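Participant:
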Amino acid sequence: MIKTDILIIGAGPTGLFTVFEAGLLKLRCHLIDALPQPGGQCSEIYPKKPIYDIPAYPEILAGDLTDKLMEQIKQFEPGFTLAERADTIEKQDDGTFIVTTNKGTKHQAPVVAIAGGLGSFEPRKPPIPNIVNYEGKGVEYMIKEPELYRDKDVVIAGGGDSALDWSIFLTDVAKSVTLIHRRNEFRGALDSVDKVQELKNEGKINLITPAEIKAIIGEENVTGVEVHKKDEDPFVIHTDHFIPLFGLSPKLGPIANWGLEIEKNAIKVNNALDYQTNIPGIYAIGDVNTYPGKLKLILCGFHEATLMCQSAYKRIHPDKKYVMKYTTVGGVEGFDGTKKEAPKAVVKKIE
1337 MIKTDILIIG
1347 AGPTGLFTVF
1357 EAGLLKLRCH
1367 LIDALPQPGG
1377 QCSEIYPKKP
1387 IYDIPAYPEI
1397 LAGDLTDKLM
1407 EQIKQFEPGF
1417 TLAERADTIE
1427 KQDDGTFIVT
1437 TNKGTKHQAP
1447 VVAIAGGLGS
1457 FEPRKPPIPN
1467 IVNYEGKGVE
1477 YMIKEPELYR
1487 DKDVVIAGGG
1497 DSALDWSIFL
1507 TDVAKSVTLI
1517 HRRNEFRGAL
1527 DSVDKVQELK
1537 NEGKINLITP
1547 AEIKAIIGEE
1557 NVTGVEVHKK
1567 DEDPFVIHTD
1577 HFIPLFGLSP
1587 KLGPIANWGL
1597 EIEKNAIKVN
1607 NALDYQTNIP
1617 GIYAIGDVNT
1627 YPGKLKLILC
1637 GFHEATLMCQ
1647 SAYKRIHPDK
1657 KYVMKYTTVG
1667 GVEGFDGTKK
1677 EAPKAVVKKI
1687 E
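Following this note's numbering, the numbering of the sequence shown begins with 1337 at its first residue and continues without gaps.
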C-alpha cells in the first residue's frame, strides 16, 4: 500500500505543479499516470510543440515545460506510479480513499486530486477513404519530432491552435507548408491567426480556405492530397506528409464510474471555492474539470491546483492554522531541509 497526503491522478503539467504547491504546505504527493513518463500530452503527443501562454516564457516547448516542472518539484520528492491506469476508488471508514490501478497497485490518501487532462484520448480522423493505409507512411495525426519534416513538403489540415501553431513552427523546418481549413474563420488564438496571415503574405505558407481534403494520393507512401474547394474543380497538391490536426477524442475511462458528477465528458466542480467534486475529498483540476466560464489552459490548471492545495491542507489538518508566506520570504524548503534562498519580503497571513 502506497500512502501519501495527496494522491494525484495524472502527471501532466497541472498534476506536476500540484506537487509544488502541496510541497510548500509540507504535504507529500504521489502521482498515477497511464503513460510511461510524466508530462501528459506535453510529453506523449507534442513534446516539440511551442507553448506561448506560460508566464515568463514568451515561448517554451511542451517537453521543456515538463522538464522545468520536474526540476521545480524535485525537492519535494514526489512518488510516481507510471504506466498504470487508476481503475477503482473506495472510501474507507476513516475518510481516506484507496485507489487501485489496473495492475493492482493500491494507494491510500485522505485527498485525491484528479488532474487527468483530457483523459485517455485518440486523434479525430477525417473521413477520407483508406486513410488508415497511409498511417505511418506520410499520414501523422500528431507531431512528436519536427525534424521528421526537415526539407519536406507538408500539408496540414485543421482550424484550431494546433494546426495554426504547427504551421507557423514548420515554416522554419519544412521545404513548404500548406494549411487547409474548411472555413475562412479559425478557432485558434488571434495572434496565431494574424501570424499565419503574415506568413502567407510573405509566401512562407500556402493557405487554402475554405477547402477540404477528400482523398490521399500515393501507392505506398503519401505523394499528394486531393483538395476540394468551393466552386472550383478538385486539384492535387504534392506533399510528403499529410497532418490532419482535428483535435482529440477524450474519454474519462474508469474515472467516469467513480460516482462523480459528469457533464460533457468532464467532471463538475465547485469553482467558487476549491474545485472539489460532489464527493468531499475528491478534487478535479485542469482540463478534466468543468464549471461556468472554464478555460482549458495550462495556466488555469496551475491556478486551480494552488487553491485546491489550500483546501486540501485544511481537510488534512483541520485543527491547524496555516500561515501563508510568499515564497520570496526565505526561499522554498524541500522535505530534505534544503532551501533555495530568496530576497526578504513581506509576510502575508491568511486566517
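Every residue gets a Cβ at the ideal spot worked out from N, C-alpha and C, and that includes glycine.
None of these values were measured; they are calculated from a predicted model.
What does the alpha-carbon distance come out to for the pair residue 1602 and residue 1625?
Facilitator: Start at 1 with the first residue of the sequence shown, and residue 1602 comes out as number 266. Start at 1 with the first residue of the sequence shown, and residue 1625 comes out as number 289. Between residue 1602 and residue 1625, the C-alpha separation is close to 5 Å.
Participant: Give the C-beta separation of residue 1422 and residue 1590 to the nearest angstrom, bearing in mind that I take them to be a contact with Cβ-Cβ under 8 Å.
Facilitator: What you label residue 1422 is simply residue 86 of the sequence shown in a count that begins at 1. What you label residue 1590 is simply residue 254 of the sequence shown in a count that begins at 1. Confirmed, about 7 Å.
Participant: I'd like the ranges of any alpha helix (DSSP H) spanning at least 4 consecutive residues and lying wholly in the region 1362-1440.
Facilitator: Listed in chain order, the complete alpha helix (DSSP H) runs (minimum 4 residues) inside the region 1362-1440 are 1377-1380 and 1398-1409.
Participant: If we ignore side chains and look at the alpha-carbon of each, how far apart do residue 1338 and residue 1582 end up?
Facilitator: For the purposes of this step, residue 1338 is taken as residue 2 along the sequence shown, with counting starting at 1. For the purposes of this step, residue 1582 is taken as residue 246 along the sequence shown, with counting starting at 1. C-alpha separation (whole angstroms): 39 Å.
Participant: Since residue 1533 sits in a beta bridge, which residues does DSSP pair it with?
Facilitator: In the sequence shown, residue 1533 corresponds to position 197, counting from 1. Residue 1533 is not bridged to any residue.
Participant: Please identify the residue among 1508, 1518, 1529 and 1568 whose C-alpha is closest to the C-alpha of residue 1540.
Facilitator: For the purposes of this step, residue 1540 is taken as the residue at position 204 of the sequence shown. Considering only alpha carbons, the answer is 1508.
Participant: Whose C-beta lies closer than 8 Å to the C-beta of residue 1571 among residues of the same chain, with five residues either side of it excluded?
Facilitator: Mapped onto the sequence shown, residue 1571 falls at position 235. Same-chain partners within the cutoff: 1562, 1563 and 1565.
Participant: Please specify which runs of the alpha helix (DSSP H), each continuous and at least 4 residues long, are wholly inside the region 1631-1655, giving them in chain order.
Facilitator: Taking only runs of at least 4 residues, the alpha helix (DSSP H) segments lying wholly in the region 1631-1655 are 1634-1652.
Participant: So for residue 1619, helix, strand or coil by DSSP?
Facilitator: Taking the first residue of the sequence shown as position 1, residue 1619 is located at position 283. Note: residue 1619 maps to strand in three-state DSSP.
Participant: Taking only runs of the alpha helix (DSSP H) that begin and end inside the region 1492-1551, which ones reach a length of at least 4 residues, in chain order?
Facilitator: You should have 1497-1506 and 1526-1537.
Participant: Hey, could you find the ends of the alpha helix (DSSP H) residue 1360 is sitting in?
Facilitator: As a position in the sequence shown, residue 1360 is number 24, starting the count at 1. Run containing residue 1360: 1349-1360, per the alpha helix (DSSP H) assignment.
Participant: Give the DSSP-derived three-state secondary structure of residue 1593 in the structure shown.
Facilitator: As a position in the sequence shown, residue 1593 is number 257, starting the count at 1. Three-state DSSP puts residue 1593 in a helix.
Participant: Measuring CB atoms only, is the region 1389-1408 touching the region 1428-1445, in the sense that at least three cross pairs come out at less than 8 Å?
Facilitator: The region 1389-1408, when compared against the region 1428-1445, does not touch it at the 8 Å Cβ threshold.
Participant: Whole angstroms are fine: how far does the CA of residue 1496 sit from the CA of residue 1504?
Facilitator: Numbered from its first residue, the sequence shown carries residue 1504 at position 168. Numbered from its first residue, the sequence shown carries residue 1496 at position 160. Taking the straight line joining both Cα atoms gives about 13 Å.
Participant: At a cut-off of 7 Å, is residue 1409 close to the ligand MN when judged by its beta-carbon and the heavy atoms of the ligand?
Facilitator: What this structure holds is no ligand at all, so the ligand MN is not there to describe.
Participant: Can you tell me the Cα-Cα spacing of residue 1371 and residue 1418, whole angstroms?
Facilitator: Here residue 1371 corresponds to residue number 35 of the sequence shown, with the count starting at 1. Here residue 1418 corresponds to residue number 82 of the sequence shown, with the count starting at 1. Taking the straight line from one Cα to the other gives about 6 Å.
Participant: Are residue 1484 and residue 1528 close, meaning C-beta to C-beta below 8 Å?
Facilitator: Counted from its first residue, the sequence shown places residue 1484 at position 148. Counted from its first residue, the sequence shown places residue 1528 at position 192. Not a contact, by the Cβ cut-off of 8 Å.
Participant: Can you tell me the Cα-Cα spacing of residue 1679 and residue 1668, whole angstroms?
Facilitator: Mapped onto the sequence shown, residue 1679 falls at position 343. Mapped onto the sequence shown, residue 1668 falls at position 332. Unreliable placement is indicated for residue 1679, whose pLDDT of 42 sits below 50; the coordinate value is still reported in the next sentence. Approximately 12 Å, taken between the alpha carbons.
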